[in-house]
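Residue numbering for the sequence shown is 60 to 389, as defined by this note's numbering. Notes to accompany the following structure.
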Amino acid sequence: MYFLERGFEWSKTLITYEEATERSNNRKRQAGQEELHVPMGVGESVFSEVYDNSSLYSYSDRYIDLRTPGDEKRGVITIFAFCIYGMIVYMICSLSAIAVERMVSGSRHDGVALEAYEYFVLSLFPMFSILVLCVFLKYTGRFVRLESFTARRIIVRFNRITRKVYLLRPKHLGGIRIMDWDKTEIIIDKNMSELDGTGGYVILGWEKGDGVDLQGTPTDNIELTFIGKPTRNASELLAFWEYIRRYMEDGPAAAPAPQKLICKFPWPWLSLKAAWGLDTSFIRHRELRVFVLINLLMWPAILIHATGHWLSLLLCYEPRFPKAIEEAGR
């Protein structure tokens, strides 16, 4: 789920801000021009229409809360982790039961009395299984935390009163940051083709010092955030960014409230919908109905994926902004 965010945080440990800036400038000089036709700033319009992209958790006159691209991409790691950890726990319980039974009875399965060294050997089996579990937890825990035992979602808040962008992230993915809207860099090609926008999402960036943490300490590196449900084409992607931009620059009247907000409660049927991966557009278009048949044939795998998706949601906590951010701009 958090592959993009985890990958970005990992990349910051490999190179310093100064080295990253120097490499970026060298690439631009070698290319002779910027690779992307990015907007000059948050004041530049990139599209004539607006589109909410079904990506809003909340909407008010003060702020909007948006989702990130990987919200549905969860469950597979959880299912595999449950299977592996479940087998190890079952092995621990079985070996412990056998060891206790033999120690209490004081004899082997054939009735011969246990010798002193055999008591020691019987106690080693469950201890060895527990050691195996600890090793698995140590080396696989970082991958499990990509979708379980962490925040249920990352929320990006745009507050038009304070003109700040608030990043609500768990600590291992960068933590909470308060970024300056007017210093936002939009990493999106405004001249992209329709095909280039397939599966796309908005990427916003900030340079060192363009934001602070909760304690007011300026950021010491580049910050990136990824916003929105993956789009179907470039028009949707550009219109989605235009929706955010107009809300912040022109107010709610320029970016109307969506017809439906994203539900945060982990209902099981929402996990099934996410695992199935279909919307009504497949049914409305006759030429796309073959995908419905393919998904029906994969129904057992989809149910397993949906179960993992739901379990991963239940194993996470619902993140909340601190009181100071909730009251900002009132």
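From the three backbone atoms N, C-alpha and C, an ideal C-beta is built for every residue, glycine too. Quick caveat, the model's predicted, so the values are computed rather than measured.
Less than 7 Å between the C-beta atoms of residue i and residue j, yes or no?
{"i": "residue 34", "j": "residue 188", "result": "This structure cannot settle anything about residue 34, because the visible part of the chain is limited to 60 through 389."}
{"i": "residue 137", "j": "residue 294", "result": "no"}
{"i": "residue 321", "j": "residue 76", "result": "no"}
{"i": "residue 172", "j": "residue 166", "result": "yes"}
{"i": "residue 317", "j": "residue 111", "result": "yes"}
{"i": "residue 235", "j": "residue 296", "result": "no"}
{"i": "residue 134", "j": "residue 367", "result": "yes"}
{"i": "residue 221", "j": "residue 388", "result": "yes"}
{"i": "residue 365", "j": "residue 331", "result": "yes"}
{"i": "residue 361", "j": "residue 333", "result": "no"}
{"i": "residue 288", "j": "residue 113", "result": "yes"}
Mind checking residue i: buried by the 16 CB within 10 Å criterion, or exposed?
{"i": "residue 250", "result": "exposed"}
{"i": "residue 103", "result": "exposed"}
{"i": "residue 224", "result": "buried"}
{"i": "residue 245", "result": "buried"}
{"i": "residue 286", "result": "buried"}
{"i": "residue 160", "result": "exposed"}
{"i": "residue 369", "result": "buried"}
{"i": "residue 375", "result": "buried"}
{"i": "residue 176", "result": "exposed"}
{"i": "residue 382", "result": "exposed"}
{"i": "residue 156", "result": "exposed"}
{"i": "residue 66", "result": "exposed"}
{"i": "residue 191", "result": "exposed"}
{"i": "residue 241", "result": "exposed"}
{"i": "residue 338", "result": "Only weak support exists for where residue 338 lies, its pLDDT of 49 falling under 50; the value from the coordinates is given anyway. The residue is exposed, with fewer than 16 neighbouring Cβ atoms inside 10 Å."}
{"i": "residue 229", "result": "buried"}
{"i": "residue 106", "result": "buried"}
Below 8 Å on the Cβ atoms is my guess for residue i versus residue j; work out the distance and round it to an integer in Å.
{"i": "residue 140", "j": "residue 203", "result": "5 Å"}
{"i": "residue 195", "j": "residue 144", "result": "7 Å"}
{"i": "residue 60", "j": "residue 132", "result": "5 Å"}
{"i": "residue 256", "j": "residue 278", "result": "Not really, about 29 Å apart at Cβ, beyond 8 Å."}
{"i": "residue 154", "j": "residue 185", "result": "5 Å"}
{"i": "residue 243", "j": "residue 101", "result": "5 Å"}
DSSP has residue i in a bridge; who is on the other side?
{"i": "residue 392", "result": "Lying before the first or after the last residue shown, residue 392 is absent from the chain, which here runs from 60 to 389."}
{"i": "residue 172", "result": "166"}
{"i": "residue 284", "result": "263"}
{"i": "residue 270", "result": "238"}
{"i": "residue 376", "result": "210"}
{"i": "residue 124", "result": "117 and 216"}
{"i": "residue 277", "result": "271"}
{"i": "residue 26", "result": "Given that the chain is displayed from residue 60 to residue 389, the structure contains no residue 26 and the question cannot be resolved."}
{"i": "residue 245", "result": "263"}
Compare the C-beta of residue i with all C-beta atoms of chain B and state if any pair is closer than 7 Å.
{"i": "residue 270", "result": "Judged by its chain identifiers, the structure shown contains no chain B, having just a single protein chain."}
### Query
Can you find at least 3 beta carbon pairs, one from the stretch 294-307 and one from the stretch 273-282, that sit closer than 8 Å?
As far as the Cβ criterion goes, the stretch 294-307 does not touch the stretch 273-282, which means the pair count is below three.
### Task
May I ask you to verify whether the stretch 351-363 touches the stretch 104-123, counting CB pairs closer than 8 Å and requiring at least 3?
By the Cβ criterion, the stretch 351-363 is not in contact with the stretch 104-123, since fewer than three pairs of Cβ atoms, one from each stretch, lie closer than 8 Å.
#### Entry: Segment contact flag, the stretch 211-222 with the stretch 122-129, C-beta cutoff 8 Å, min 3 pairs
Touching, yes.
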